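Everything on this sheet refers to the single structure shown next.
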Ligand SMILES: Cc1cc2nc3c(=O)[nH]c(=O)nc-3n(C[C@H](O)[C@H](O)[C@H](O)COP(=O)(O)O)c2cc1C
Ligand code: SF4
Ligand code: SF4
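Numbering (my numbering), first residue to last: 124 to 479.
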């Protein structure tokens, strides 16, 4: 069974922050084209309607792993897909590959692949393959961006893995990888859930623009989640809870002005929120519970809602305080990311992804 016999077309859906998933989608399209298939790339962004694919297509879904699972945006997109009419699909979650002093460390996709495979199955697709792909880690809020050489080694390894899987599937075979990863993901499911319902909101509020920001608003234009607003005069970026830490703004800012500082937001959180939190907790739980783990569902709900409101208020306070250039300069100097190299996928321009 040749590829052209089974499939009429390849449609690669990708969600990306820093271009890794676009790169993977492009490799898939290249393999399809070498076997004579037409291909189409579709970027998944907030607010866009889920697309259907023509009959006898191979649909590729590729996206970053966040918190050992798939980002909420891709889950929602796949869930809203029109009926797949038994079209074939493959799922390629990207993970954080790291290389230090010549030693390679793979990422951990957890439930990111098989969860989307399950949702695709519910939507009427036949999932022919699942495989985690190690691309250079883009989490530059957490660590130094990889050097060009390390990123290139990891990308080349990923390229041959992806191309060989595509050839296998286009030849009519199946390829399922990552069963061990799935078990690890199941063990880490509580962390993934906390990531989706809480951590990603906190991470959004760790970003701020330092004194290097010139108000160009590129970060706002490229955000795939429409999560950034320019506030004040001259405008400074303000991160809303819609941000899912895709890292595009931080890594593409031409001034390298976007920083992260857990110290600063913790300070503001304590100033703005903790006295009220302590009071609300005591009131809501009749003097018990001060620790998340000891809370009833009711106490958890109160603490959860309160934390989100408190962090949002603390962030308004932070944004207001940062209207002073001197404070922006001090905050920039106190942030660890000031010393970090940024990362973006080699050979991918903003015109290919966020500014298309
Ligand atoms: C907030 C955040 C959370 C992440 N969580 C994970 C994770 O749990 N496991 C993993 O292997 N990689 C994780 N990564 C790394 C990315 O999934 C990886 O670098 C991916 O290739 C980025 O793809 P993109 O450039 O298409 O956005 C995370 C990255 C970020 C920014
Ligand atoms: S943070 Fe960077 S991209 Fe955003 S407005 Fe400032 S300089 Fe421009
Ligand atoms: S605000 Fe920045 S990190 Fe958050 S979703 Fe938008 S581009 Fe990505």
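All residues carry an ideal CB built from backbone N, CA and C; glycine is no exception.
For clarity, every value in this text was computed on a predicted model and none was experimentally measured.
Do residue i and ligand 3 come close, with the Cβ less than 6 Å from some heavy atom?
i, result
"residue 135", "no"
"residue 479", "no"
"residue 286", "no"
"residue 390", "no"
"residue 372", "yes"
Using the three-state DSSP reduction, which class does residue i fall into: helix, strand or coil?
i, result
"residue 378", "coil"
"residue 149", "helix"
"residue 279", "helix"
"residue 442", "helix"
"residue 471", "coil"
"residue 349", "coil"
"residue 211", "strand"
"residue 236", "helix"
"residue 267", "coil"
"residue 370", "coil"
"residue 361", "strand"
"residue 143", "helix"
Taking 6 Å as the cut-off, does the CB of residue i come closer than this to any heavy atom belonging to ligand 2?
i, result
"residue 259", "no"
"residue 336", "yes"
"residue 384", "no"
Count the other CB atoms within 10 Å of the CB of residue i; is the residue buried (16 or more) or exposed (fewer)?
i, result
"residue 347", "buried"
"residue 478", "exposed"
"residue 330", "buried"
"residue 337", "exposed"
"residue 462", "exposed"
"residue 328", "buried"
Of all the options the options, which has the alpha carbon lying nearest to the alpha carbon of residue i?
i, options, result
"residue 234", "258, 187 and 340", "187"
"residue 178", "209, 171 and 385", "209"
"residue 444", "256, 269, 459 and 359", "359"
"residue 239", "158, 222, 199 and 310", "199"
"residue 227", "326, 278 and 387", "278"
"residue 252", "185, 314 and 328", "185"
"residue 129", "293, 301 and 306", "293"
Is residue i a contact residue of ligand 1, with contact defined as CB to any heavy atom under 6 Å?
i, result
"residue 195", "no"
"residue 463", "no"
"residue 143", "yes"
With a threshold of 6 Å (Cβ to nearest heavy atom), would residue i be considered close to ligand 5?
i, result
"residue 219", "With respect to ligand 5, the structure offers nothing, as its ligand set consists of ligand 1, ligand 2 and ligand 3."
Should the region 208–218 be regarded as contacting the region 180–198, the criterion being three or more beta carbon pairs within less than 8 Å? yes
Any chance the region 274–293 sits against the region 153–164, with 3 or more Cβ pairs inside 8 Å? yes
Taking three-plus beta-carbon pairs below 8 Å as touching, is the region 452–469 in contact with the region 260–272? yes
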